[in-house]
Amino acid sequence: MTDLALSPPLSRPWGRLALRWLLFTLLGVFALFYLMPLFVMVTTSLKSLEEIRTGSLIAFPREVTFEAWKTAWSGACTGIQCEGLRPYFWNSVVLAIPAVLISTFVGAMNGYVIAQWRFRGANLIFSLLLFGCFIPFQVVLLPMARMLGILGLAGSIPGLIFVHVIYGIGFTTLFFRNYYVTIPSELVKAAKVDGAGFFRIFWSIFLPLSLPIVVVTVIWQFTQIWNDFLFGVSFSQAGTQPVTVALNNIVNSTTGVKEYNVDMAAAIIAALPTLIVYVVAGKYFIRGLTAGSVKG
Amino acid sequence: MTEWLERHVPKMVLAPSFVAVLIFVYGFIIWTAWVSLTRSRLLPKYEIEGFIQYERLFASPRWDTAMSNLVVFGVLFIVIAMVLGLLLAILLDQNIRTEGALRTIYLYPMALSMIVTGTAWKWIMNPGLGIENMVRGWGFENFSFDWIIDPDMAIYAVVIAGIWQSSGFVMALFLAGLRSVDGEIIKAAQVDGIPTWRIYSAIIIPSMAPIFLSAFIVLAHLAIKSFDLVIALTGGGPGYATDLPATYMYAMAFSRGDIGQAASSAMVMMAVVFAIVVPYLYSELRAKRD
Chain A
1 MTDLALSPPL SRPWGRLALR WLLFTLLGVF ALFYLMPLFV MVTTSLKSLE EIRTGSLIAF
61 PREVTFEAWK TAWSGACTGI QCEGLRPYFW NSVVLAIPAV LISTFVGAMN GYVIAQWRFR
121 GANLIFSLLL FGCFIPFQVV LLPMARMLGI LGLAGSIPGL IFVHVIYGIG FTTLFFRNYY
181 VTIPSELVKA AKVDGAGFFR IFWSIFLPLS LPIVVVTVIW QFTQIWNDFL FGVSFSQAGT
241 QPVTVALNNI VNSTTGVKEY NVDMAAAIIA ALPTLIVYVV AGKYFIRGLT AGSVKG
Chain B
1001 MTEWLERHVP KMVLAPSFVA VLIFVYGFII WTAWVSLTRS RLLPKYEIEG FIQYERLFAS
1061 PRWDTAMSNL VVFGVLFIVI AMVLGLLLAI LLDQNIRTEG ALRTIYLYPM ALSMIVTGTA
1121 WKWIMNPGLG IENMVRGWGF ENFSFDWIID PDMAIYAVVI AGIWQSSGFV MALFLAGLRS
1181 VDGEIIKAAQ VDGIPTWRIY SAIIIPSMAP IFLSAFIVLA HLAIKSFDLV IALTGGGPGY
1241 ATDLPATYMY AMAFSRGDIG QAASSAMVMM AVVFAIVVPY LYSELRAKRD
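Top line first, the protein sequences correspond to chains A and B. First residue of the first sequence? That's 1 in this note's numbering, and the numbers climb one at a time after it. First residue of the second sequence? That's 1001 in this note's numbering, and the numbers climb one at a time after it.
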């Protein structure tokens, strides 16, 4: 805490009060700016098309209807198929859970080795992994598409899981490495003297200490994978698309009447899982964001 | 035997990731670099022909648009998000009782997919029923806000949505930075009667230089990789007015069937990223070793 209230000398209480008001007004205006799109999305999704056409963008719905939500979930068209977001939402669930678990596990093992079992070349490997975090994925899209074809994984959900795990390793390793580096190496030495091996030390010393970083990593990976669009649109086919791709198809499908309320309901549905994670575990979310960017 | 195993277990644990990164990152980069030097079209060819793809790329008006859009988008996005993020962080640093709630509000867009953000702003900026219609409804009949369908202005619409999504994150970075400044120095300055704005401009902000650098790197990285936001908001249109290198690459790779162009544009993107990131990473890694 810097404890730096905008505080001119006490002899000018009015000036101070005015400044406080200005401060709160500004903060409020910005809060409105950030909340407005969410507000518009929610209210639009609860309106009928008729009301959208005649009413104002920021008006509350006169008559609340959940029709658009129903359509978005199970009836909206993503091209020729009209099954709503539901199947794609499940695709994203089925894809995100194993991809998050595997990449977190691999990151934990890698981080443990790099931080505590240094060997010649370990730092080089860490640097190579780190650079992998920074490449624009466009540079691997073409060969990956061919590779997935060769492996028989083209257009499949296992293929997408594979891609997310591979390109998630850099970040998960970074998270765990930076966390395990802070654990004194004497711990490993002492455990070795007592006859404990590599996995035993990980299992009974490091894993119990790891809860915070596991939470950060899981949240980070889940947000990345759930919100991914580039890999989803490049490596999926009709039926295996993740929810972001399906949302984009619903919104940008050119057939029929433009149903804005359905678009907004679909957007909220696609956003809900990560929003819930953010609201429930915001602290860890922010920690991941700052760790992933400051250090990466 | 067991002893040998015990000694080599760490290496064996790391080996799969190492091999995977060698193949799927570095091998693939080499593949893309190689193909960018060939005459590949629908299918990759492997006879090297020189820099023809790059010549085609730099002669292409669409790529030209994509690169100048990247400059416009990148500069505005980075500068405005940094200024706004710093402002919000300083405002929030004034002993606000509702700080937690406000921080949550400013930062939640970062949890959303760019596709969701694009969808929301596409609707809000829709000329027929969005902000334009709303302001006209207030009695300003001549008000016009149709950036999203105006080829000259559409890229600024992308900037607005991008800033909405990412500025809260910059705020979080700066707020953490403000909190890490040594409180003793600030108290001493206050005792000396130095006005608050001088304390910020002369003491606090200069001491946060590393955070400015981090924020810049992250934002620049986001800008260069921007793909989903454009796809959802404008689809690269009108025409290709809001194309960015990432959407150009995707169009060449997956709808135009021009692998050579896709590969060469991806290589240029990587060169841009590395020009920004490598000096930063190098200094980071060297600083750690010292």
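Glycine included, each C-beta is placed from N, C-alpha and C at the ideal position. Please read all numbers here as calculations on a predicted model, not as lab measurements.
Interface criterion met: the Cβ of tryptophan 1031/B is under 8 Å from a Cβ in chain A.
DSSP, reduced to helix, strand and coil, places serine 236/A within a strand of the structure shown. Excluding the 5 residues flanking it on each side, glycine 1128/B has no same chain C-beta neighbour closer than 7 Å. Per DSSP, reduced to three states, the secondary structure at glycine 155/A is strand. The shortest C-alpha to C-alpha distance from arginine 1179/B to any of Ala1188/B, Ile1205/B and Ala1271/B is the one to Ile1205/B. Using a CB distance cut-off of 8 Å, phenylalanine 39/A does not count as an interface residue toward chain B. Spanning the alpha carbons of alanine 1209/B and isoleucine 1199/B requires a straight line of approximately 15 Å.
Taking a Cβ-Cβ cut-off of 7 Å, the neighbours of proline 1010/B in chain A comprise Val113, Trp117, Phe119 and Phe198, given in sequence order.
By the criterion of a C-beta distance shorter than 6 Å, proline 98/A is surrounded in its chain by Ile161, once the five residues flanking it on both sides are discounted. Counting C-beta atoms within 10 angstroms of its own C-beta, histidine 1008/B has fewer than 16 neighbours from the protein chains shown and is therefore classed as exposed. In the assembly as shown, methionine 1171/B is a buried residue. Its beta-carbon has 16 or more other beta-carbons within 10 Å. Per DSSP, glycine 1085/B is one residue of the alpha helix (DSSP H) stretching across 1061-1092.
Relative to the Cα of leucine 101/A, the nearest Cα in the group Ile80/A, Pro87/A, Thr172/A and Leu128/A belongs to Thr172/A. In this structure, DSSP gives serine 210/A a state outside helix and strand, which the three-state scheme calls coil. Proximity of serine 48/A to chain B, defined by a Cβ-Cβ separation below 8 Å, is not satisfied. In the DSSP annotation of this structure, the continuous segment of the alpha helix (DSSP H) that includes cysteine 133/A starts and ends at 122-134.
The beta carbon of lysine 1225/B sits closer than 8 Å to some beta carbon of chain A. Pairing methionine 1114/B with phenylalanine 1145/B gives a Cβ-Cβ distance that is not under 8 Å. Beta-carbon to beta-carbon, isoleucine 225/A and alanine 96/A are separated by about 5 Å, close enough to satisfy the 8 Å threshold. Annotated as proximal: alanine 266/A and leucine 85/A, with beta-carbon spacing under 8 Å. Out of Val215/A, Gln237/A, Gln241/A and Val214/A, the CA that lies nearest to the CA of asparagine 227/A is found in Gln241/A. At a cut-off of 8 Å, the C-beta of threonine 1104/B has a neighbouring C-beta in chain A. The beta carbon of valine 106/A sits closer than 8 Å to some beta carbon of chain B.
Counting along the chain, the unbroken alpha helix (DSSP H) around valine 93/A starts and ends at 86-116.
The shortest CA-to-CA distance from serine 74/A to any of His164/A, Ile250/A, Gly55/A and Tyr112/A is the one to Ile250/A. Between phenylalanine 175/A and isoleucine 213/A, the gap from beta carbon to beta carbon is short of 8 Å. Interface flag for glycine 1137/B against chain A is set, since a Cβ pair is found closer than 8 Å.
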